[in-house]
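For reference, the structure is listed below as structure tokens.
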Amino acid sequence: MNEIKTVDTRGLSCPQPAMLTRQAIQKLDNGTLEVLVDSGTARENVSRLAKNAGWAVTMEEQPEGSCRIVLKK
Amino acid sequence: MSSISRFLTSRWGPIITGIVVGVLAPVLVKLGNPGNMGVCVVCFNRDIAGALGLHRAGVVQYIRPEIIGFVLGALIAALLFREFKPRTGSAPLVRFLLGMFATFGALVFLGCPWRAYLRLAGGDWNAIFGILGLIAGIGLGIAFLRSGYSLGRSRPAPKAVGWVMPAIMVTLLVLLIVAPQFGRDAGGNPIGPIFFSTTGPGSQHAPLLIALVVGVFIGFLAQRSRFCTVGAVRDAILLRDSRLLYGVLALLVAAFVTNVILGQFHPGFEKQPIAHTDGWWNFGGMVLAGLAFTLAGGCPGRQLFLAGEGDADSGLFVIGMIVGAGFAHSYSTASSAAGPGVFGPFAVIVGMIVCVVLGFTMRESKG
Numbered sequence: 000m001n002e003i004k005t006v007d008t009r010g011l012s013c014p015q016p017a018m019l020t021r022q023a024i025q026k027l028d029n030g031t032l033e034v035l036v037d038s039g040t041a042r043e044n045v046s047r048l049a050k051n052a053g054w055a056v057t058m059e060e061q062p063e064g065s066c067r068i069v070l071k072k
Numbered sequence: 000m001s002s003i004s005r006f007l008t009s010r011w012g013p014i015i016t017g018i019v020v021g022v023l024a025p026v027l028v029k030l031g032n033p034g035n036m037g038v039c040v041v042c043f044n045r046d047i048a049g050a051l052g053l054h055r056a057g058v059v060q061y062i063r064p065e066i067i068g069f070v071l072g073a074l075i076a077a078l079l080f081r082e083f084k085p086r087t088g089s090a091p092l093v094r095f096l097l098g099m100f101a102t103f104g105a106l107v108f109l110g111c112p113w114r115a116y117l118r119l120a121g122g123d124w125n126a127i128f129g130i131l132g133l134i135a136g137i138g139l140g141i142a143f144l145r146s147g148y149s150l151g152r153s154r155p156a157p158k159a160v161g162w163v164m165p166a167i168m169v170t171l172l173v174l175l176i177v178a179p180q181f182g183r184d185a186g187g188n189p190i191g192p193i194f195f196s197t198t199g200p201g202s203q204h205a206p207l208l209i210a211l212v213v214g215v216f217i218g219f220l221a222q223r224s225r226f227c228t229v230g231a232v233r234d235a236i237l238l239r240d241s242r243l244l245y246g247v248l249a250l251l252v253a254a255f256v257t258n259v260i261l262g263q264f265h266p267g268f269e270k271q272p273i274a275h276t277d278g279w280w281n282f283g284g285m286v287l288a289g290l291a292f293t294l295a296g297g298c299p300g301r302q303l304f305l306a307g308e309g310d311a312d313s314g315l316f317v318i319g320m321i322v323g324a325g326f327a328h329s330y331s332t333a334s335s336a337a338g339p340g341v342f343g344p345f346a347v348i349v350g351m352i353v354c355v356v357l358g359f360t361m362r363e364s365k366g
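Next comes the structure, spelled out in structure tokens:
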């Protein structure tokens, strides 16, 4: 079983959460990617970017207000 | 309530925010704010610096309620929608410096990105050079971001940390209303601690309550919609995401139409309100501002909204802006209608050197 790649963007300023996600999905092309975010802005930006690139997006709330976004293609 | 929030976080959010700013800013000018300065975060922080006695340029001293409103409006939205998250620790001192240098640059142009767009919408063609400079500065910032630039991660902080900036804003509001005076000097001039201009741009302001309510309204909308006048250009170039850019375009169109309706559209280069015609330094000042804002993660308005959400690092950026404005007027680096200040070009060059060094050296520390 392949290990799922994780992009941890917690605590980073704009535009780094979306930028790091973009770099990761361009590199991965398809598969599963996990992105950790801890702000509403990053959550929206990452999911919008992934959806626009054709990835399926699911979100799981995590403790202390952070969120695990799973991207699949 | 949640449907309003969903609407504001959709692609329509920045457009609605842009239209509201574009309409209300010229209205604030009609009600007393200086020309093409319905909202200018840098100019207003400069006026606050003057009111607090951090500089003694007598014509630009007033505690601007719009700034207070921006932070408090964002605070209300963040509390309502559970986004009030006190945090700090992402290179605070560097953010303070970036706030200072962004202000040096913007005060050479005479306006932050918000005012650059509002000046253009009022027919001030000098703003074209400023906006081109802003885009160039953001482009340079993007190059640093692509090469790995980062101010590192913030960490969750105790609740009290997040309340510091809102508390400072409430204090400013009290000082604005009470306007304490210790007395007058031999010449009859007030000796502070709070200074209010009796002539010049600082003496021109919309009624306090209206300006405050407009500020709170914009702060509320912008917190939800993530409105950012620098992110607009940055995301369009870096991420091919034009959500925020449409917000700025909506602002431009709405402000243009409102200015025409109110008889405030006066096209030309000469005799524009609180502006000079030196194209090179209008451009150069905004290259520095655009770079510094991009390195700090957002425009000056966005920094205020983040401060309202509990981001103490953005709060320190704002304090850096106020202190920087104090220096800019004390050391003659700020421009006037006559042209750039004596040391304005020098300040821009020093600021560019500092920002470029930071751009090359700031990387996230591992472990």
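In the order they appear, the protein sequences are chains A and B.
For the first sequence, the residue numbers in numbering that gives the first Met the number 0 are 0 to 72.
For the second sequence, the residue numbers in numbering that gives the first Met the number 0 are 0 to 366.
Ideal Cβ placement from N, Cα and C applies to all residues, glycine included.
None of these values were measured; they are calculated from a predicted model.
Length of the line joining the Cα atoms of residue i and residue j
i          : j          : result
Asn-188(B) : Gly-246(B) : 45 Å
Ala-41(A)  : Gly-289(B) : 22 Å
Glu-82(B)  : Phe-268(B) : 43 Å
Glu-308(B) : Leu-78(B)  : 8 Å
Gly-161(B) : Asp-312(B) : 10 Å
Ser-46(A)  : Thr-57(A)  : 9 Å
Val-93(B)  : Ser-153(B) : 13 Å
Leu-71(B)  : Gly-300(B) : 12 Å
Ala-254(B) : Ala-115(B) : 12 Å
Thr-79(A)  : Val-34(A)  : The first residue shown for chain A is 0 and the last is 72, placing residue 79(A) beyond what the model contains.
Gly-218(B) : Leu-27(B)  : 16 Å
Thr-303(B) : Asp-310(B) : First, the residue type needs correcting, since residue 303(B) is Leu and not Thr in the sequence shown. The alpha-carbon atoms of Leu-303(B) and Asp-310(B) are separated by roughly 9 Å.
Val-107(B) : Val-41(B)  : 11 Å
Thr-5(A)   : Arg-242(B) : 26 Å
Ile-47(B)  : Ile-134(B) : 27 Å
Partners in chain B for residue i, counting only beta-carbon separations shorter than 9 Å
i         : result
Leu-35(A) : Near Leu-35(A) there are no residues of chain B at all, since even the closest Cβ is about 11 Å away, more than 9 Å.
Range covered by the alpha helix (DSSP H) that runs through residue i
i          : result
Met-18(A)  : 15-27
Glu-43(A)  : 39-51
Cys-298(B) : Looking at the DSSP string, Cys-298(B) is not in any alpha helix (DSSP H), and its letter there is neither H nor E.
Ile-348(B) : 343-360
Gln-222(B) : 207-224
Ile-3(B)   : 1-8
Thr-16(B)  : 11-29
Leu-175(B) : 158-177
Leu-315(B) : 311-329
Contacts that residue i makes with chain A (C-beta to C-beta distance below 9 Å)
i          : result
Gly-230(B) : Cys-13 and Pro-14
Arg-45(B)  : The premise fails here: Arg-45(B) is roughly 25 Å from chain A at the closest Cβ pair, so nothing lies under 9 Å.
Arg-225(B) : Cys-13, Gly-39, Thr-40, Glu-43 and Asn-44
Contact list for residue i against chain B, beta-carbon separation under 8 Å
i         : result
Met-58(A) : None at all; the shortest Cβ gap to chain B is about 14 Å.
Within chain A, partners of residue i - CB distance below 8 Å
i          : result
Thr-8(B)   : Gly-39 and Glu-43
Leu-144(B) : Pro-14, Gln-15 and Met-18
Residue j beta carbon less than 8 Å from that of residue i
i          : j          : result
Met-361(B) : Gly-104(B) : no
Ile-348(B) : Leu-109(B) : no
Gly-121(B) : His-275(B) : no
Gly-297(B) : Glu-65(B)  : no
Pro-344(B) : Trp-280(B) : yes
Ala-221(B) : Ala-73(B)  : yes
Val-322(B) : Ala-306(B) : no
Leu-32(B)  : Gln-271(B) : Here residue 32(B) is Asn; the residue named in the question, Leu, does not match the sequence. No, the Cβ-Cβ distance between Asn-32(B) and Gln-271(B) is not below 8 Å.
Leu-150(B) : Ser-65(A)  : no
Arg-239(B) : Thr-8(B)   : no
Arg-233(B) : Ile-167(B) : no
Gly-314(B) : Met-164(B) : yes
Ala-50(B)  : Phe-195(B) : yes
Ser-89(B)  : Gly-10(A)  : yes
Ile-62(B)  : Leu-174(B) : yes
Leu-250(B) : Gly-21(B)  : yes
Gly-350(B) : Gly-98(B)  : no
Terminal residues of the beta strand (DSSP E) in which residue i lies
i         : result
Ile-68(A) : 66-71
Leu-32(A) : 31-36
Ala-55(A) : 55-60
Asp-7(A)  : 4-7
Within chain B, the residues that residue i reaches when beta carbons sit closer than 7 Å
i         : result
Glu-63(A) : Pro-155
Leu-48(A) : Leu-238 and Asp-240
Arg-21(A) : Leu-238
Ala-17(A) : Leu-238
Interface residues of chain A facing residue i [CB-CB closer than 7 Å]
i          : result
Gly-297(B) : Cys-13
Leu-150(B) : Ser-12
Ser-89(B)  : Gly-10 and Ser-12
Arg-233(B) : Pro-14
Glu-82(B)  : Gly-39
Handout entry: 4 or more residues per run - each alpha helix (DSSP H) lying fully within the stretch 229-277 of chain B
Key = 230-237 and 242-260, all fully within the stretch 229-277 of chain B.
Practice task
Pick out the complete alpha helix (DSSP H) segments inside the stretch 100-151 of chain B, 4 residues or longer, and give them in chain order.
Solution key: 112-120 and 125-145
Practice task
Just list the alpha helix (DSSP H) runs in the stretch 34-73 of chain B, keeping only unbroken ones of 4 residues or longer that don't cross its boundaries, in chain order.
Solution key: 40-50
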